[in-house]
Amino acid sequence: MYADLIHFFTVNWLGQAIVILAECLLVTVPLLIAVAYMTYADRKIWASIQLRRGPNVVGPFGLLQPFADGLKLVLKETIVPSSANTVLFLIAPMITFMTALIAWAVIPFNDGWVIANINVGILYLFAISSLGVYGIIIAGWASNSKYAFLGALRSAAQMVSYEVSIGFVLVTVLLCVGSLNLTKIVLAQSGWFWDWFWLPLLPMFVIFFVSALAETNRTPFDLPMSEAELVQGFQTEYSSMPFALFFLGEYANMILLSAMGAVLFLGGWMSPIPYAPFTWIPGLVWFVLKIALLLFVFSWSKGTLPRYRYDQLMRLGWKVFLPVSLGWLVLTAAVLQFGGWLPGK
Amino acid sequence: MVLQAIAFYVFAFITMASGAMVVTSRNPIYSVLFLILAFFNAAALFLLLGAEFIAMILVIVYVGAVAVLFLFVVMMLDIKITALREGFLKYFPIGALIGAALLAEILFALGVFGSGSTTITALDRAGARVGTMENTRAIGQVLYTQYFYLFQAAGAVLLVAMIGAIVLTLRRRPGVRRQRIGEQLFRPKDQTITVVKVPTRGGVS
C-alpha cells in the first residue's frame, strides 16, 4: 500500500503532476499571505517613523487590515477607460503579477526545498526579473493617458539601466561559486555569518540592494509612479482588481528581490552561527528572517529618503554603479585567478 | 518522446505564427509584442534541445533588453502603418533577396550543397572537447579557448559600434546648467548642513 503510494507519486505522470501542483501551491499561498502582511508591515513601519499609529482598527492591532483592503478592491467596479486598448490594458497587470510569481520556482527555501533545481537558476531569475518591465510599459501605453505613458517610459529606461549592474553583481557572485545553481550558491557560503558573500563582496551587496530598489520602483527611485507629478504614473487609470494585481505584483517582486539578496549574499537558509542551539532552528526560519531584514530596509528607505531627480537616477545607474560593478568584477576575477581560489577547477 | 515532439510542434508553430504576425499586424506595437512572443518560443525550443544557457541568454538579452528598447521607441514614434505599407512593393525585391541569401547561408552551413559541412565538423570538434559537461561550462570552454580571438574580435566590433553611436548622437548645447556632483560632495560639512538635535515627539521650533 505504502510502496504503491510512493510509486504513484514518483513514477506515474499523474502523480508527479499532482506533486508539482502541490509544491506550487505550497510556495504561492504563503507568498500571497506574506505579501498581504508585507503591506501591513510597511504601513506600520512608516507610521512609527512618522510617530503615527498606522492601521489599528480592523482586527486586533489592525492585523486584518490587508484582508479588508483586498476585499474592498475586489468588490469595486473595474473601470476600463473608453480610449484604452482593452486587451492590453487587462493583460498588463497579469504580466506583472505572473512574472513576480514564476520566479519563485527556483528559490531554494532549505537544502533541497526547491520546486525546480535547475542548473541555470541565477540566469532564470535574472531573465524573469527583466520581464517585469513589460507589465508596466504595456500598462502605460494601453491606458492611453499622458501620465501613465510618461510613467511607463521612465520605468522602462530605469529598469533597463539598473539591470546592467545587477547582471554584473550576479556574475561576480557566480565567479566566487563556480556554478549558476542557487542551491550550490547557498552551500558555497557555509560557515559563520562573516563567510557569507555580503562581507567579501560588500560593495556588490550595496549595489545589488540599491539596484533592487530601482528594479521594484521603490523610493527613492519611484519615479515611474511618483504621485506628485505623475499621479501614480502607469497605475493612474487602474482600479479594482487590475490595480490589486499590480499592487500584489509589486510587493511580490520586493519579496523576490529580498529573497535573491538573501540567497546571493546572506547565506540563504544557513544559520549565522554554525553551532548547536542555532543549527536546531530550521533553515526556513533563517531564510524568512533574512528576507524580513531586507524588506525592513525597503520600508525604512521609503520612510526616510526623498525621491531622486530623473537625471540623477540615470547618472547613478550608468556613471557610478556600472563602472564600480564592472571594476569589482574584474578585481574579483583577478583575485580568484591569481590567489588560486578559483572554484570548480 | 511523444510529449517532446508535441512540445516542439507547439513552440515551433507559435514561433512561425507570431513571426508572420510581426510582419502583417496593423499596429506596430502589436508587431513588437508578437516579436517578443517569437523570442520566447525560440527560447523554449532551445530548452527542448537541452541548451538551457542559450535559452536564458536569449530571454535576458532579446526579451529583457532589446525588445524593451524596440517597444520604447515604437511607442514614442507616431507610426502610421498605411504610410509604411506604401513602399511595400518597392522594397519587396530587396527584402526577398536578403531572405534568400540568409536561407542559402544556413543551407550552405548545414552542408546541403556540398558533400560535407564545415560547420558541422567544427561543432563536432567542439563537442569532442567538452564531452558531457554542463552546457554553461561547455560554452565557456569552447568560447575562451578555441574561439578566443574571434570572440575578442566580436567584442571589439561591438565596442566600436557603441562608440560610433555615442559620437553620432552626442551634442553639446551651450548654456545648459549642469549639476556638478563632485563639487557638491567636496564642500566642507560646516558650509552645507546644520545638525539639529530634535527630541523625539518634540519637533523643531
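Protein chains in written order, with numbering that gives the first Met the number 0: chain A, 0 to 344; chain B, 0 to 204. Just so you know, even glycine gets a beta-carbon here, dropped at the ideal spot from N, CA and C.
Is there at least one Cβ from chain E nearer than 7 Å to residue i's Cβ?
i, result
"phenylalanine 125 of chain A", "Looking at the structure shown, chain E is missing, and the protein chains on hand are A and B."
Check whether the Cβ of residue i lies closer than 7 Å to any Cβ atom in chain A.
i, result
"methionine 15 of chain B", "no"
"alanine 50 of chain B", "no"
"methionine 161 of chain B", "no"
"valine 65 of chain B", "no"
"phenylalanine 58 of chain B", "The amino acid at residue 58 of chain B is misidentified as phenylalanine; the sequence shows valine. It does; some Cβ of chain A falls within 7 Å."
"threonine 191 of chain B", "no"
"phenylalanine 38 of chain B", "no"
"phenylalanine 71 of chain B", "yes"
"glutamate 212 of chain B", "Limits of chain B in this structure are 0 at one end and 204 at the other, which puts residue 212 of chain B out of reach."
Nearest to residue i by alpha carbon, out of the options?
i, options, result
"proline 107 of chain A", "A/Ile280, A/Leu341, A/Leu255, A/Tyr309", "A/Leu255"
"isoleucine 56 of chain B", "A/Asp41, A/Val34, A/Leu122", "A/Leu122"
"alanine 211 of chain A", "A/Asp194, A/Ala243, A/Leu186, A/Leu169", "A/Leu169"
"serine 298 of chain A", "A/Ala40, A/Asn11, A/Tyr36", "A/Ala40"
"phenylalanine 167 of chain A", "A/Leu330, A/Pro342, A/Gly339", "A/Leu330"
"leucine 100 of chain A", "A/Leu72, A/Phe246, A/Leu62", "A/Phe246"
"glycine 267 of chain A", "A/Thr278, A/Leu283, A/Trp279", "A/Leu283"
"proline 219 of chain A", "A/Phe320, A/Pro65, A/Val56, A/Tyr307", "A/Tyr307"
"tryptophan 45 of chain A", "A/Ser129, A/Thr303, A/Leu13, A/Leu31", "A/Thr303"
"valine 185 of chain A", "A/Ala67, A/Tyr36, A/Trp279, A/Asp110", "A/Asp110"
"leucine 263 of chain A", "A/Trp195, A/Pro241, A/Val230", "A/Trp195"
"isoleucine 90 of chain A", "A/Ser47, A/Leu335, A/Gly139", "A/Gly139"
"leucine 198 of chain A", "A/Gly232, A/Leu181, A/Pro276, A/Leu265", "A/Leu265"
"serine 239 of chain A", "A/Leu4, A/Leu72, A/Leu30, A/Arg52", "A/Leu72"
"threonine 278 of chain A", "A/Tyr36, A/Phe192, A/Ile17", "A/Phe192"
"valine 287 of chain A", "A/Ser270, A/Ser300, A/Ala275", "A/Ser270"
"tyrosine 274 of chain A", "A/Arg314, A/Leu24, A/Thr182, A/Ser189", "A/Ser189"
"glutamate 236 of chain A", "A/Leu30, A/Lys43, A/Lys145", "A/Lys145"
Whose C-beta lies closer than 6 Å to the C-beta of residue i among residues of the same chain, with five residues either side of it excluded?
i, result
"alanine 83 of chain A", "Ala141, Ser142, Asn143"
"tryptophan 103 of chain A", "Val26"
"isoleucine 13 of chain B", "Asn40"
"phenylalanine 7 of chain A", "Gly14"
"phenylalanine 10 of chain B", "Asn40, Ala43, Leu44"
Buried or exposed: residue i, going by 16 or more other Cβ atoms within 10 Å of its Cβ?
i, result
"arginine 153 of chain A", "buried"
"glycine 248 of chain A", "buried"
"threonine 193 of chain B", "exposed"
"valine 119 of chain A", "buried"
"serine 164 of chain A", "buried"
"asparagine 11 of chain A", "exposed"
"glutamate 76 of chain A", "exposed"
"phenylalanine 91 of chain B", "exposed"
"alanine 309 of chain A", "Checking the sequence, you will find tyrosine at residue 309 of chain A rather than alanine. Exposed."
"aspartate 3 of chain A", "exposed"
"glycine 98 of chain B", "exposed"
"valine 197 of chain B", "exposed"
"phenylalanine 96 of chain A", "buried"
"methionine 224 of chain A", "buried"
Could you check whether the Cβ of residue i sits closer than 7 Å to any Cβ belonging to chain B?
i, result
"valine 132 of chain A", "yes"
"serine 142 of chain A", "no"
"leucine 31 of chain A", "no"
"serine 129 of chain A", "yes"
"isoleucine 17 of chain A", "no"
"isoleucine 90 of chain A", "no"
"isoleucine 136 of chain A", "yes"
CB-CB under 7 Å to residue i, same chain, minus the five flanking residues each way: which ones, in chain order?
i, result
"glycine 260 of chain A", "Phe207, Phe208, Ala211, Leu293"
"valine 79 of chain A", "Thr85, Phe88"
"asparagine 252 of chain A", "Ala99, Gly131, Thr215"
"alanine 155 of chain A", "Val132, Ile136"
"leucine 312 of chain A", "Gln157, Phe220, Leu222"
"tryptophan 348 of chain A", "Absent from the model: residue 348 of chain A. The displayed extent of chain A is 0 to 344, so no value can be given."
"lysine 183 of chain A", "Val176"
Short of 8 Å in beta carbon distance, which residues of its chain neighbour residue i, apart from the five on each side in sequence? Order them along the chain.
i, result
"isoleucine 28 of chain B", "Leu70, Val73, Met74"
"phenylalanine 150 of chain B", "Leu142, Tyr143"
Using a Cβ cut-off of 8 Å, which residues of the region 137–158 of chain B contact any Cβ in chain A, in chain order? Flagged: no residues at all.
Could you run through the region 154–169 of chain A and flag, in chain order, every residue whose CB is less than 9 Å away from some CB of chain B? If the cut-off is 9 Å between Cβ atoms, the region 154–169 of chain A has Ala155, Ala156, Met158, Val159, Glu162, Val163, Gly166 near chain B.
Using a beta-carbon distance cut-off of less than 8 Å, what residues from the region 83–105 of chain B approach chain A? For the region 83–105 of chain B, which is checked against every Cβ of chain A, not one residue is closer than 8 Å.
Short-range partners of chain B found in the region 105–121 of chain A, where Cβ spacing is below 8 Å: Hits within the stretch, in order: Ile117, Asn118, Val119.
Residues of the region 169–187 of chain A with Cβ closer than 8 Å to any Cβ of chain B, in chain order: So the list reads Leu179, given in the order they occur along the chain.
Chain-ordered residues of the region 23–50 of chain A with a beta carbon less than 8 Å from chain B: Only those residues of the region 23–50 of chain A whose C-beta falls short of 8 Å from the nearest C-beta of chain B are listed: Leu50.
Could you name the residues of the region 6–32 of chain B whose beta carbon sits closer than 7 Å to any beta carbon of chain A, in the order they occur along the chain? For the region 6–32 of chain B, the residues whose beta carbon sits under 7 Å from a beta carbon of chain A are, in order, Ile28.
The region 168–181 of chain B: positions lying closer than 8 Å to chain A by Cβ: From the region 168–181 of chain B, only Gln178, Ile180 have a Cβ closer than 8 Å to chain A.
Interface residues of the region 53–85 of chain A facing chain B [CB-CB below 8 Å]: Answer set for the region 53–85 of chain A: empty.
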